[in-house]
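If you count the sequence shown from 1, you need to add 1000 to reach this note's numbering. For every residue, glycine included, the Cβ atom is placed at its ideal position computed from N, Cα and C. Because the structure is a prediction, the values reported are computed rather than measured. A short worksheet on the structure shown next.
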Amino acid sequence: MHKEGSAVVSETGRSAQPGATLAAVCAAISLVPVVATGAGVALPGISADLHTSLASAQWVVNAFFLTFASFMAVTGSLADMIGRRRMFSAGIAVFCTAMVIAGLAPHITVLVGARVIAGMGAAAVLTGGSAVLANTFQGAARARAFAVYGTGIGLGLAFGPLIAGVIVTSLGGWRVFFLAAAVILLPVLAFSLRLPDSRDVHPAGIDWRGGILFTAGLFMLVLCAIEGPAVGWTKPLIIASCVAAVALLVAFVLVERRTDHPLIEISLFTERRFVAICLMPVLLAFGFVAPLMVLPQYFMAVDGASAQSAGLLMVLMTGPTLVLPMLVGTLSRHVSQRSLLIVVLALTALGAGWLTVLRPHLGIVALAGPLIAIGAGFGVSLAFLDGAAVASVESSRAGMAAGVFNTMRLGGESISIAVLGAIITGVTTARLHATLPAGQADALTTKLLQGDPSGVTAATADGAFSAYTSAMHIGLWSVCLLAVLGIVGILALTRETPETIENNVVPEEMTVEGVSR
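Spelled out as structure tokens, the structure:
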């Protein structure tokens, strides 16, 4: 619910129909997950063309997520100060420039650097775009707009790897993939300059100390999550990075409490509904994004599926993200926000627990139910979470709220992928150590988790696939348990909220539609 006293100024001299504004934002938003998730498909080609190891090429993906997550809060707060449309347009320009550099990169260092810049641009696109929508639409129209916005993200998630695979294998390779992203966004950039702008009427200047501390702290935290499982949590570099992350983030909180105009107002986290909303993308990162990253490798290693076949199988999981945001948007006036939060986590828990039926050569019919359930939970969330985050604070802090929410989303995704990967790696390796020499067990685990069955022999197949499957089961049960604990947490954080509006005791602003007013 918006607080009194919020002050937002809108520019005159620019005009665009709300529908055109929504189309421009969604066009840009849908391409970000395509480039984010699709880059993984290009790694073998990048490694071969630039004569680097696959481990080094992996930083093409890691570098993007590092800056994407780290710059969310900074770009969100800057959007409130300099203008939401300006931040959105600047983000597209930076992103396009980075994609051109990536497509022309002569060396892996240049490519990784371009992806670092692309992550910064993507952060500005996401925070600026959602803040533009929050200030363009009101009431029921805002709820519908964010349902379309969620569908745009779903489109990118659903078809990103498939689009990347087609371009990389059939239409010119990884360079064309990056260059195409820039070309596609150029018309959106040109049109975005015509959109009306809005900003805080009393901009307070930039909190440089807070921005540097927060960005550096989150950067170190995500770096630990990415590199810890790969090099070992006890390595001095990882320990030092974790200590630095904690120290920087503690210093950030102390600085923000004494700053008149902070990058992130710590008081946001005293609002229980905002905390509940920000908790959701972290839980969903474990429930949807991390399984989306690890399941294709399982199908390729254990079932011998091709990358394309594994990707098509995952459409069972990503498909609901295309349909449900709009459907939930049309039903929003009949369901409270609290109810939908619980439904999302219940579907996630159901799907993750159900997917423990996973075993070698399990048919598509048996896989369909749990994969669809997981996808349905995420699809429902796309209909309302972004809108709920920016609507839970006054309009002057819409960019800040979007930045915090998307920081939780991207940080959660990076950490969840690393944690689930560490669980699967650890359990698989431990099981294989019981039957194989340590060196052989470690090498076989590495190949399996990359989706490569070439290290499996007739003598080791049963043990290897059994170990990998057991590890997947433990990982999925962990996801299920986390979703159940999430339900308990959400119920506690929103316990003052009635469950439905049909008994006439639910405040209008707590419905999915009303929360956007």
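Classified as exposed, Ser1053 has fewer than 16 neighbouring CB atoms from the shown chains inside 10 Å of its CB. Straight through space, the alpha carbons of Arg1194 and Ala1483 are spaced by roughly 43 Å. For Ala1102 and Val1488, the gap between their C-alpha atoms comes out near 44 Å. It is roughly 14 Å from the alpha-carbon of Phe1269 to the alpha-carbon of Met1280. Leu1347 has its alpha-carbon roughly 6 Å from the corresponding atom of Ala1373. Judged by beta-carbon spacing, Ala1276 lies beyond the 7 Å limit of Val1479, meaning their Cβ atoms are not closer than that value.
Where Ser1306 is concerned, there is no enclosing alpha helix (DSSP H), because DSSP gives it neither an H nor an E. Residue environment for Pro1437: exposed (fewer than 16 other C-beta atoms within 10 angstroms of its C-beta). Here Leu1248 is not near Leu1292, since their CB atoms are 7 Å or more apart.
Put simply, the stretch 1422 to 1441 touches the stretch 1460 to 1477. At least three CB pairs are less than 8 Å apart.
Runs of alpha helix (DSSP H) with 4 or more residues, each lying fully within the stretch 1017 to 1095, are found at 1018 to 1038, 1043 to 1049, 1054 to 1057, 1059 to 1070, 1072 to 1082, listed in chain order.
Rounded to the nearest whole angstrom, the C-alpha separation of Gly1113 and Thr1494 is 43 Å. Between the beta-carbon of Thr1321 and that of Gly1375 there is about 6 Å, and that keeps the pair under the 8 Å contact cut.
Cα atoms of Leu1345 and Ile1490: separation of roughly 9 Å, rounded to the nearest angstrom. By alpha-carbon distance to Ile1153, the top candidate from Val1132, Ala1039, Val1032 is Val1032. At the C-beta level, Arg1084 and Ala1131 come within 7 Å of one another.
With respect to Val1390, Ala1402 sits close: the two C-beta atoms are nearer than 7 Å. Around the beta-carbon of Arg1258, fewer than 16 other beta-carbon atoms lie within 10 Å, marking it exposed. Contact holds between the stretch 1160 to 1180 and the stretch 1036 to 1056, because three or more Cβ pairs, one in each stretch, are under 8 Å apart.
Per the Cβ contact rule, the stretch 1233 to 1249 is not in contact with the stretch 1179 to 1187 (fewer than 3 Cβ pairs under 8 Å).
Between the alpha carbons of Leu1367 and Leu1382 lies a distance of about 23 Å. Residue environment analysis places Ile1264 among the buried positions, since at least 16 neighbouring C-beta atoms fall within 10 angstroms of its C-beta. Contact check for Gly1091 against Gly1119 fails: the beta carbons are separated by 7 Å or more. Note on geometry: alpha-carbon atoms of Met1326 and Asn1135 lie some 20 Å from one another.
Collapsing the DSSP output to three states places Thr1407 in a helix.
If you draw a straight line from the Cα of Leu1126 to the Cα of Phe1065, it comes to about 13 Å. For Leu1371, the enclosing alpha helix (DSSP H) starts and ends at 1364 to 1382.
Your pair Phe1088 and Ser1170 does not check out as a contact, with CB atoms roughly 33 Å apart and the cut at 8 Å.
Rounded to whole angstroms, Thr1425 and Ala1310 show a C-alpha spacing of 20 Å. In this structure, Ala1301 sits near Pro1453, with a CB-CB distance shorter than 7 Å. The alpha-carbon of Ser1030 is positioned some 42 Å away from that of Thr1457. Of all alpha-carbon atoms in Ala1459, Gly1129, Gly1451, the one lying nearest the alpha-carbon of Val1148 is that of Gly1129.
CA-to-CA, the gap between Trp1477 and Gly1217 works out to about 31 Å.
7 Å or more divides the Cβ of Pro1161 from the Cβ of Thr1318. Annotation: Val1246 to Phe1068 spans about 20 Å, alpha carbon to alpha carbon.
Taken through DSSP and simplified to helix, strand or coil, Lys1447 comes out as helix.
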